[in-house]
Structure formats: structure tokens, C-alpha cells
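Here's the structure we're looking at; comments come further down.
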Amino acid sequence: MTIPNLSDVEDRDYLEKGSRAASTLSAATLASLGGSSSRRESGETSITGDTETSIREIKEIHELKDQIQDVESKYMQSLKEVKDTLVEVEEKYRKAMVSNAQLDNEKNNLMYQVDTLKDSLMELEELLSESRREYEGKSKDFEREKHAHGVLQFQFNEMKETLKQSEELLTEIRQMRLKQDGFVREISDLQETVEWKDKKIGALERQKEYSDAIRNERDELRDEVVQLKDILKVLSHLKGVGALNMQQWPLKQGFSIVKKLKAQVEQKKQRNEIEEDSSPEGEVLENGTDPHIQDLQRDASRQLSDLKFKLVKSEQEVTALEQNVTRLEGQVTRYKGASENAEKVEDELKAEKRKLQRELRSALDKIDELESNNSHLSKRLDKMKANRSTATTP
Numbered sequence: 074m075t076i077p078n079l080s081d082v083e084d085r086d087y088l089e090k091g092s093r094a095a096s097t098l099s100a101a102t103l104a105s106l107g108g109s110s111s112r113r114e115s116g117e118t119s120i121t122g123d124t125e126t127s128i129r130e131i132k133e134i135h136e137l138k139d140q141i142q143d144v145e146s147k148y149m150q151s152l153k154e155v156k157d158t159l160v161e162v163e164e165k166y167r168k169a170m171v172s173n174a175q176l177d178n179e180k181n182n183l184m185y186q187v188d189t190l191k192d193s194l195m196e197l198e199e200l201l202s203e204s205r206r207e208y209e210g211k212s213k214d215f216e217r218e219k220h221a222h223g224v225l226q227f228q229f230n231e232m233k234e235t236l237k238q239s240e241e242l243l244t245e246i247r248q249m250r251l252k253q254d255g256f257v258r259e260i261s262d263l264q265e266t267v268e269w270k271d272k273k274i275g276a277l278e279r280q281k282e283y284s285d286a287i288r289n290e291r292d293e294l295r296d297e298v299v300q301l302k303d304i305l306k307v308l309s310h311l312k313g314v315g316a317l318n319m320q321q322w323p324l325k326q327g328f329s330i331v332k333k334l335k336a337q338v339e340q341k342k343q344r345n346e347i348e349e350d351s352s353p354e355g356e357v358l359e360n361g362t363d364p365h366i367q368d369l370q371r372d373a374s375r376q377l378s379d380l381k382f383k384l385v386k387s388e389q390e391v392t393a394l395e396q397n398v399t400r401l402e403g404q405v406t407r408y409k410g411a412s413e414n415a416e417k418v419e420d421e422l423k424a425e426k427r428k429l430q431r432e433l434r435s436a437l438d439k440i441d442e443l444e445s446n447n448s449h450l451s452k453r454l455d456k457m458k459a460n461r462s463t464a465t466t467p
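Number 467 marks the last residue of the sequence shown (the working numbering); no jumps.
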């Protein structure tokens, strides 16, 4: 868009006005001159009137010239003012056009920046929505894992309590083993005592057999002695030498039998003394001691059988407790592994949650920054529009 040159237009108007004034002036002059010549021809009587008329016309012409000069001077002055004003207006218009072009460029740049920021804002909104969806999904996963962790924690507490009970059972097992060792020692001591008593009982039984045999032989010898005494009494009542000679051989035979029996009795006594010296305590048993030995043997056998039964029962209990402890240890190991895995998953979910929260905060910060930039650019654009409208208004 170009501004028309006002100086050229004004010059053309001035020349046209001057030419029109000159034409009118020349026409009036010619008319006056023609009139004067015609009036000269008509007669001298009209010369004076024409001369006066011409003088008036000349005066009028001079006045018109003065007026024209005044008008021309005023016109030139106004034209100069108009030119100065036109130069100022052109300068203002050029500056306005330059500022308008700059504003258009800035507007285009700002519109491009606004479009770019809108695209970035849309991308960030999509990223924010996606992050929120991921956050919701991760939150749900976290809640599920938290519930699973709570269940595992409850199971872990139960297993911990079970482990505590198993440790108590192990303590009881150790105590029972100590008792079992004590029982084993008692059983071994009782077995040694029983063996010693069995040996003693065997020696006493053998000694009893010997004493019974000696007692039987002694009774037989007593019977024989009584018989011999009876025979001697019968023989002492017999009278006569002949009768004595006749009966001498049974007496000799009886004496030999008595000597033989005495020798056997001495041998038995010596053998009994030797066995009494070789016995464990050197005691001489009588018939009243046999029931006491049998009672001791029965008590020892009964105690031994009770201890054996207790030992077998304690071994069975220890085996069952060891199996329970092994099973509980396996369960505790499994639950410990599951609890550790759950804790690892929980830590990973917490780390991912913190990461998503950081990303969400950074996205929100970027959105706030973009919104502030957008508002700042909008204000700047409105200000530029207002300045432009102010500059374009006359």
C-alpha cells in the first residue's frame, strides 16, 4: 500500500487555478481592450467613460492580483504546513507499518509458539493421563501385593509362633534326651546291679544246692547212725562170747561204714568251707533267705522292664517330635522365602510408585509452567493487539 504524494497534487491544483485566473484575466483584459477599441471607433465621447472603466478594472485587476498573491502566499504556507504534516504522517505511517510488520512477525512467532505449546500441552496431557492410568494400575497392583503381603505376614507370624513352639518342643526334646540319658545310665546301672545280683543269686543257688546236698547226706548219715546205734543197743544186750564172735563181722562192717560216712562228712565240710570262702560276701545262707532273694530279683526285673518300656516310649516321642520339627522347619523355610519375595515385590512396587509420583509431579510442574507461559503470551498478544488498534485509529 503506497501513500499518494500530496505535494504533486497540490502543485497541480495550484497550476490549474493560476491558469484559470490568467485566462479569466486575459479574457477580461482583451474584452476591455476590445471594448475600448470599439468604443474608440464609435466616438470620442465614450473614451472618457471607457478610460475610467479601464482604470477601475485595472485597479480591480491589481486588487485581484494582490488577493491572488495573498491567496498564493497563504496557499503556499498551508501547502508547506500540509507537506510538513504529510512528512510527519508518512513517517508515522512508515513507523506504524514497520511496527505492524514486527507485530505481525511477533504474532506469527507467538502463534507458532502457542501452537507448539498446545501440542506440547496435549502430549503432556496424554502423558499425564497415561501416567495416571499406570499409577492407578500400579496402585491396584500395590494394594493386591499389600493384601498378599498381609496374608503372608499373618502366615509368617503363625509360622513364627509355630517355630517358637517347635523350639520349645526341641527344648523339651533335649530335656527328654537328658532324662533318657539319665534313664539309660540308670538302666545300665540297674543292668549291672541285676547282673551282679544274678551272679550273686547263681552263687547262692549253687551254695544252696551244695548245702542241700550236704544236709541230705547229713540226714542220711544221721539215719544210718541211728540205725547203727539201735544195732549196737541190740548187740549189747546179747550175751555170750560165741554170740559176740558170731556177730563180729556185722559190727566191723558197721564201723567201716561209720568211718566212711565220717570221712564223707569231713570232705563235705571242707568243700563247703572252701565254697563259703570263695562266695562274694562270705555269708552262710539258711532256708529263710531264699524268699528275700526272689523278691529282690522280681523287683529288679520289674524295674528293669518299666525302665525299658519308658525308654522305648521316650524314643518314640523323640522320633515323633523330630519329625514334627523337621516338617515345621521346612514350612518355616518356605514361608520365609515367600515373605522375602513378598517384601522384595513390595519394595519394587514402592520404588515404582515413587518414580511415578515423581514423573507425575514433574508433568504437573511442566503443565503449570506451560499454562503460565501460555497466559503470559496471551496477555502479551492482547497488549500487542491493543497497541496495534491504538496505532491504527486516527
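We put the beta carbon where it would ideally sit given N, CA and C, even for glycine.
Worksheet entry | With 16 other Cβ atoms within 10 Å as the buried cut-off, status of Thr466 | Exposed: under 16 other Cβ atoms inside 10 Å.
For Tyr408, count the other beta carbons within 10 Å of its own beta carbon; 16 or more makes it buried, fewer makes it exposed. Which is it? The residue is buried, with at least 16 neighbouring Cβ atoms inside 10 Å.
Worksheet item: Would you call Ala459 buried or exposed, if buried means 16 or more other Cβ atoms sit within 10 Å of its Cβ?
Response: Flag for Ala459 reads exposed.
Give me the Cα-Cα distance between Ala276 and Arg288, rounded to the nearest whole angstrom. 18 Å
### Counted within 10 angstroms of its Cβ, other Cβ atoms place Phe382 as buried (16 or more) or exposed
exposed
Do you know how far the Cα of Lys165 is from the Cα of Tyr148?
-> For Tyr148 and Lys165, the distance between alpha carbons rounds to 24 Å.
Report the CB separation of Leu200 from Ala436 in whole angstroms; it is logged as a contact under 8 Å. 6 Å
Beta-carbon proximity list for Ile286, same chain, < 6 Å, skipping 5 on both sides
With the sequence shown as reference, residue 286 is identified as Ala, and Ile is not the correct amino acid for it. So the list is empty, once near-sequence residues are dropped.
How many Å lie between Ser261 and Asp379 at the Cα? 13 Å
Next on the checklist: Please return the same chain residues whose Cβ sits closer than 6 Å to the Cβ of Ala464, not counting the five positions on each side in sequence.
Outcome noted: Ala169
Open item on the list: Using a Cβ distance threshold of 8 Å, determine whether the stretch 418-437 contacts the stretch 171-178, with at least three qualifying pairs required.
Closed with: Touching, no.
Checklist line | Exposure label - Thr406; buried when at least 16 CB within 10 Å | finding: exposed
| said: I believe Val398 touches Leu242 by the beta-carbon criterion, under 8 Å. Please report the beta-carbon distance rounded to the nearest angstrom. | reply: 6 Å
Original post:
Touch check for the stretch 418-426 and the stretch 129-141: three-plus C-beta pairs under 8 Å?
Top reply: no
(request) Report yes or no: do the stretch 207-217 and the stretch 440-448 share at least 3 C-beta pairs separated by less than 8 Å? (result) no
TODO: Could you tell me which of Leu401, Glu196, His449 and Leu454 sits nearest to Met232, measuring between CA atoms?
DONE: Of the candidates Leu401, Glu196, His449 and Leu454, the one whose C-alpha sits nearest the C-alpha of Met232 is Leu401.
Q. Which whole-angstrom value describes the C-beta separation of Met457 and Lys180, a residue pair presumed to lie in contact below a C-beta threshold of 8 Å?
A. Correct: roughly 7 Å between the Cβ atoms.
Review point. Since Asn447 contacts Val187 with CB under 8 Å, what's their CB separation in whole angstroms?
Key: 7 Å
Among Ile128, Ser374, Thr126 and Glu390, the one whose alpha carbon lies nearest that of Trp269:
Ser374
query = Roughly how many angstroms lie between the CA atoms of Leu468 and Glu259, to the nearest whole one?
reply = In the structure as shown, the chain starts at 74 and stops at 467, and residue 468 therefore has no counterpart that could be examined.
- Note down the Cα distance separating Arg371 from Glu265, rounded to an integer number of angstroms. Each residue's alpha carbon lies about 15 Å from the other.
Count the other CB atoms within 10 Å of the CB of Ser239; is the residue buried (16 or more) or exposed (fewer)? Buried: at least 16 other Cβ atoms inside 10 Å.
message: Do Met249 and Val385 have their beta-carbon atoms positioned less than 8 Å apart in this structure?
response: Taking 8 Å as the cut-off, the Cβ atoms of Val385 and Met249 do not count as close.
TODO: Give the straight-line distance between the Cα atoms of Leu183 and Ser202, rounded to the nearest whole angstrom.
DONE: 27 Å
**Item:** 8 Å Cβ cutoff met for Phe215 and Lys426
**Value:** yes
- Relative to the C-alpha of Asn230, which residue among Arg461, Gln404, Ser462 and Glu293 is closest? Out of Arg461, Gln404, Ser462 and Glu293, Gln404 has the C-alpha closest to the C-alpha of Asn230.
**Prompt:** CA-CA distance, Phe227 and Ser387?
**Reply:** 34 Å
**Asked** Can you find a heavy atom of the ligand GDP that lies under 7 Å from the Cβ of Gly255?
**Response** The model on display carries no ligand, and the ligand GDP is accordingly not part of it.
- Message: Can you give me the C-alpha to C-alpha distance between Arg247 and Ala424, rounded to a whole angstrom?
- Response: 46 Å
request  = Figure out for me which residue from Glu161, Glu282, Asp177 and Glu163 has the closest Cα to the Cα of Arg461.
outcome  = Asp177
Problem - For Thr126, three-class secondary structure by DSSP - result: Residue state, collapsed to three classes: helix.
Check your understanding: For His222, does the count of other Cβ atoms within 10 angstroms reach 16, so buried, or fall short, so exposed?
Key -> buried
### Query
Does the distance from the C-beta atom of Glu218 to that of Leu450 stay below 8 Å?
no
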